[in-house]
């Protein structure tokens, strides 16, 4: 059974043609909202933060983004 890769654009709430600046702003906004220090003991927020970080790591790197797309 093949696992479906997450939609990093949807996770960050940006369009597929988003600029690096749009991606960065979306990441900062969401990272602050779901950061573990602001959501102590909230496992759901912690998982969301990890997913947001993963999405940013891929989409902020032009080579990784090209491979992902």
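Numbering (the working numbering), first residue to last: 396 to 464. Even glycine gets a Cβ: it sits at the ideal position worked out from N, Cα and C.
Residue i in three-state terms, based on DSSP
{"i": "residue 450", "result": "helix"}
{"i": "residue 460", "result": "helix"}
{"i": "residue 440", "result": "helix"}
{"i": "residue 406", "result": "helix"}
{"i": "residue 426", "result": "helix"}
{"i": "residue 445", "result": "helix"}
Close-in-space but distant-in-sequence residues of the same chain around residue i (CB under 6 Å, 5 per side omitted)
{"i": "residue 404", "result": "411"}
Residues of its chain near residue i, where Cβ-Cβ distance is below 8 Å and the 5 sequence neighbours each way are ignored
{"i": "residue 447", "result": "406, 407, 422, 425, 426, 429"}
{"i": "residue 399", "result": "none"}
Status (buried if at least 16 other CB within 10 Å, exposed otherwise) for residue i
{"i": "residue 418", "result": "buried"}
{"i": "residue 463", "result": "exposed"}
Other residues of its chain near residue i: CB distance less than 7 Å, five sequence neighbours each side excluded
{"i": "residue 453", "result": "403, 459, 460, 463"}
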